[in-house]
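Student: Sharing a structure, written as structure tokens. Questions coming.
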Amino acid sequence: MKISILSITTLVIVLVHMVSYTQEIPDKVVNENAQFWISTNNVFRVADRWAILNDIHVRRTNFMADPNFYFLRVGGQYYLNSNVRLAGGYAHLWLTTTGDWDAYQNENRIYQQLSISKRYEKMNALFRIRMEQRFFNNVQDGQSLNNDFFVNRFRFLVSAGFPFKQGGSTELIVANEIHLNFGKEVVFNTFNQNRFTIGIKHKINNNWKVDCGYMMVYQQLAAGNVYNLNHTLRLFFYGSFDFRKNKNLPFNEVRHGEE
Numbered sequence: 029m030k031i032s033i034l035s036i037t038t039l040v041i042v043l044v045h046m047v048s049y050t051q052e053i054p055d056k057v058v059n060e061n062a063q064f065w066i067s068t069n070n071v072f073r074v075a076d077r078w079a080i081l082n083d084i085h086v087r088r089t090n091f092m093a094d095p096n097f098y099f100l101r102v103g104g105q106y107y108l109n110s111n112v113r114l115a116g117g118y119a120h121l122w123l124t125t126t127g128d129w130d131a132y133q134n135e136n137r138i139y140q141q142l143s144i145s146k147r148y149e150k151m152n153a154l155f156r157i158r159m160e161q162r163f164f165n166n167v168q169d170g171q172s173l174n175n176d177f178f179v180n181r182f183r184f185l186v187s188a189g190f191p192f193k194q195g196g197s198t199e200l201i202v203a204n205e206i207h208l209n210f211g212k213e214v215v216f217n218t219f220n221q222n223r224f225t226i227g228i229k230h231k232i233n234n235n236w237k238v239d240c241g242y243m244m245v246y247q248q249l250a251a252g253n254v255y256n257l258n259h260t261l262r263l264f265f266y267g268s269f270d271f272r273k274n275k276n277l278p279f280n281e282v283r284h285g286e287e
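The structure is reproduced here in structure tokens:
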């Protein structure tokens, strides 16, 4: 997979994103929020071709004062080769706007993804396409209605890391991911959200890396005229654990973690 393909994909994503911004929606409302997001994103390599994935996320709003969501994901990953991977699994999201546990929106999510990574002398590149099948319960005026609905979503991510020195343990990361809804339940918001991230990733030891940075999330809600603009401080930990018999094979992946 050539880097030029990543460039073309990025251009397509940007164009789709620009179209979404120019939609004529009356009485547009944009809610700005300050958030804090912490997570651990783990890969357990159990065979040359297989790994177990596990993510745990907590996001707070009003910076750290109030809960926003809790998220748990598990899955399996198959390595076509050292640069190309297929994965799939299950996730659950608990989302609130009131802080009342009884009013959390529950989401059951099934996902499939293809990720392609490449290490260059001065850049680590990652492209990922993910498809999600999302099952929600409706929440209205802070009350759970126990009324399920279903939405499909595509996600396109391009991420790049720029080491401060060749072979060094610290790099600048820049990433953008666009989310697009589709399905009969989607009326006003085919564009779901865009996430732009910039930060610093540091290798702590052979098992752990951490990145700290800023994420801007621009999200269109189901009503169509209401948007969230979230300014988020993120602190993500990445665990890599090798349980293979032959540990001489390479394992140090290019990864980008998020909900």
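Be aware that the sequence shown starts at 29, since it is given in our numbering, and climbs by one per residue.
Every residue, glycine too, gets a C-beta built ideally from N, C-alpha and C.
(1) Just to confirm my understanding: we take R73, look at its own chain, exclude 5 residues before and 5 after, and list those with CB closer than 8 Å. What are they?
(2) Fully enclosed by the segment 137-206, which beta strand (DSSP E) runs are 3 residues long or longer?
(3) Between I201 and T225, which are expected to be in contact by the criterion C-beta below 8 Å, what is the C-beta distance as a whole number of angstroms?
(4) So what's T50 in DSSP terms, helix, strand or just coil?
(5) Are the Cβ atoms of L249 and N222 separated by less than 8 Å?
(6) Which whole-angstrom value is the C-beta distance of L123 and F97, which I expect to be below 8 Å?
(7) Determine which residues share a DSSP beta bridge with N134 and list them.
(8) Would L121 pass as a contact of E135 if the rule is Cβ separation under 8 Å?
(9) Run through DSSP, which three-state label would K231 get?
(10) Give the DSSP-derived three-state secondary structure of M29 in the structure shown.
(11) If we ignore side chains and look at the alpha-carbon of each, how far apart do F182 and R158 end up?
(12) In angstroms, rounded to a whole number, what distance separates the CA positions of N90 and R262?
(13) Assuming the contact rule is C-beta atoms closer than 8 Å, T260 and Q133 should be a hit. Round their C-beta distance to whole Å, please.
(14) Using the Cα positions of F264 and N204, report the straight-line distance between them to the nearest angstrom.
(15) I'd like to know whether the C-beta atoms of N166 and N209 end up nearer to each other than 8 Å.
(16) What's the C-alpha gap between D76 and K275?
(17) By the three-class DSSP mapping on this structure, what secondary structure does F92 have?
(18) Does the separation of the CB atoms of E213 and F177 fall below 8 Å?
(19) Thinking C-alpha only, which one of A251, I228 and K237 is nearest V71?
(20) Going by the CB atoms, is the gap between Q247 and N235 shorter than 8 Å?
(21) Which first and last residues belong to the beta strand (DSSP E) in which H259 is found?
(22) Y49 to L277, Cα distance in whole Å?
Tutor: So, to answer that:
(1) A79, S268, F269, D270, F271, R272 and F279
(2) 152-168 and 171-191
(3) 7 Å
(4) For T50, the predicted structure reports a pLDDT of 47, less than 50, and the residue's modelled location is therefore unreliable. A value from the coordinates is still provided. Looking at T50 - three-state DSSP - the assignment turns out to be coil, as it is neither helix nor strand.
(5) no
(6) 5 Å
(7) W122
(8) yes
(9) strand
(10) The predicted model places M29 with a pLDDT of 48, which falls under 50 and marks its position as unreliable, so this point remains unresolved.
(11) 6 Å
(12) 14 Å
(13) The pair is not a contact, with the Cβ atoms about 19 Å apart (cut-off 8 Å).
(14) 16 Å
(15) no
(16) 9 Å
(17) Looking at the sequence itself, residue 92 is Met, so the reference to Phe does not match. Coil.
(18) yes
(19) K237
(20) no
(21) V254 to D270
(22) The predicted model places Y49 with a pLDDT of 49, which falls under 50 and marks its position as unreliable; any figure quoted below should be read in that light. Going by the C-alpha atoms only, they are around 45 Å apart.
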